[in-house]
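The structure appears below as structure tokens.
Residue numbers (this note's numbering): 4 to 482.
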């Protein structure tokens, strides 16, 4: 039987993307090593490292190293633009708060055998197999005209009159790290990523207006294609697709409302992605390939919550393993045998389009979605690193009684303000007019202190609540 071209598709999902690593580990244990890896946003982040030749253990070690870093070491503020906006009183200088350069460096340090699509294109099939390198595809959205761009090695595909293929630009002149930075450019959080047009021929030059600048600005691939199964079927030419979709992870609005702008943005993209998925799974090209979508059911995980990495990796691993075992796959079987069990033929003797009798039975593509179900104790959750556990103990009172402590702080500040204006009044030596002025000023001062303390107190409460327990409780995850 002919070997299938198997594609692994990894969706976006913020730091919940650690579940992709566990999923990859389980797939490799069953011999289901993909020929191509596709991703958007965090899926592209993880997928690019895996496609470069990293083993599952390398991915786990790399993620754990990241999770022990300070969040400020990974999320670099665009201080220059913020300073310009403040000094010039012009908000247009700010197009995003984070540069993303620190995350790009993390990626660069974890690539193994390939770091660009040019390098990937020069590897022979034998070299790819020996070095565990796979084809890699990442999606991003051009901010200039809204066209989806697929970053991939040069493709032997016939573009249309606008130079696009299936409505998409194909770009191959960039490095992996640039492609992934473009793919995770979450609007209003990360600055749009600029990619200059090359001097040599490249598909990203297609469809650009004559007066357009000599570059593209890219934002998150999730805007157009959070779970790029259509790219796997149309561009990568996959026969079989296994996808890890985190789209439905995070369906509770309270986390989006309480998690600030990043989680609000994440929630919006997930709502968009759900509609995308329902439309894409019935696309005629997707419908004719075998598709298995696995949802690890990871619950609501905050966009930048680094504390749940171990739990998420294990959750992704258990979800995929559970699915494969239920479908009768065995680690001892060959890749081909497990693929045959995973995607049994769905033969029909009539054309699904015209209804005519077929000379030979046609194998229709399967389209399944598997949502993992775990008992409460199925996965051991380790939500914090040792340093965070120490900090958690130190701030346990703030987590348990934030309102009480906030009130104590506010009363203290109010008393300080009252003492201040009483003292200023005494300086007036009892002068009635001066006393009234000082009393009025003191009251204004006290009110200002009170309002400022309320704002700061509410912000600190949300911050420490997210720091100490940014993810969902085990009861919420089990529901």
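We treat Cβ as the ideally placed atom computed from N, Cα and C, and that holds for glycine.
- Distance from the CA atom of residue 135 to the CA atom of residue 244, rounded to whole angstroms, is 19 Å.
- Residue 267 and residue 306 have their C-alpha atoms some 9 Å from each other.
- If you draw a straight line from the Cα of residue 145 to the Cα of residue 151, it comes to about 6 Å.
- The residue from 203, 166, 155 with its alpha-carbon nearest to that of residue 181 is 155.
- DSSP, reduced to helix, strand and coil, places residue 231 outside both helices and strands of the structure shown, so it counts as coil.
- Shortest Cα-Cα distance from residue 191 to any of 47, 331, 98 involves 98.
- Linking residue 64 to residue 25 through their CA atoms gives a straight-line distance of about 12 Å.
- When DSSP states are grouped into helix, strand and coil, residue 80 belongs to the strand group.
- For residue 188, the CB contacts under 8 Å within the same chain, skipping 5 residues up- and downstream, are 99, 103, 143, 194, 195, 196, 221, 222, 223 in chain order.
- Per DSSP, residue 98 has no beta-bridge partner at all.
- A distance below 6 Å between beta-carbons, with the five flanking residues on each side excluded, links residue 237 to the following residues of its chain, in chain order: 169, 288.
- For the options 368, 336, 361, the alpha carbon positioned closest to that of residue 348 is the one of 368.
- Around residue 124, the same chain offers 156, 157, 175 as residues with beta carbons nearer than 8 Å, after the five sequence neighbours per side are excluded.
- Annotated as distal: residue 338 and residue 30, with beta-carbon spacing of 8 Å or more.
- Judged by pairs of C-beta atoms under 8 Å, the stretch 279-298 does not touch the stretch 41-50, as fewer than three such pairs exist.
- Under the DSSP definition of a beta bridge, residue 11 partners with 40, 245.
- Cβ-Cβ distances below 6 Å link residue 295 to 245, 371 in the same chain, with the five nearest sequence neighbours on each side left out; the list follows chain order.
- In the pairwise beta carbon analysis, the stretch 114-129 is classified as not touching the stretch 72-81: fewer than three pairs are separated by under 8 Å.
- Counting along the chain, no alpha helix (DSSP H) covers residue 174; the unbroken beta strand (DSSP E) around it starts and ends at 172-174.
- Of 83, 184, 276, 310, the smallest CA-CA separation from residue 72 is found for 310.
- With a contact defined as Cβ atoms closer than 8 Å, residue 298 and residue 375 qualify at about 7 Å.
- Sixteen is the threshold: since fewer than 16 other Cβ atoms of the shown chains lie within 10 Å of the Cβ of residue 86, the residue is exposed.
- Inter-residue distance for residue 132 and residue 94 is about 51 Å (C-alpha atoms, whole angstroms).
- About 4 Å separates the Cβ atoms of residue 56 and residue 116, confirming a contact at the 8 Å cut-off.
- A straight-line Cα-Cα distance of about 5 Å links residue 359 and residue 353.
- Taking the CA atoms as reference points, residue 345 sits about 21 Å from residue 234.
- By the beta-carbon neighbour count (other beta carbons within 10 angstroms, threshold 16), residue 250 is buried.
- The residues 59, 320, in chain order, have a CB closer than 6 Å to that of residue 28 in the same chain once the five nearest residues on each side in sequence are set aside.
- In the structure shown, residue 297 falls within a strand segment according to DSSP collapsed to helix, strand and coil.
- In the three-state reduction of the DSSP assignment, residue 179 falls in the helix class, which pools H, G and I.
- Residue pairing by DSSP places residue 151 opposite 144 in a beta bridge.
- Note: residue 370 is bridge-paired with 294 in the DSSP secondary-structure output.
- For the options 232, 120, 90, 210, the alpha carbon positioned closest to that of residue 183 is the one of 120.
- Residue 219 has 198 as its beta-bridge partners, per DSSP.
- Look at the stretch 108-138 and you find these whole runs of alpha helix (DSSP H), each 4 residues long or longer: 120-124, 128-134.
- The criterion of a C-beta distance shorter than 8 Å is not satisfied by residue 137 and residue 225.
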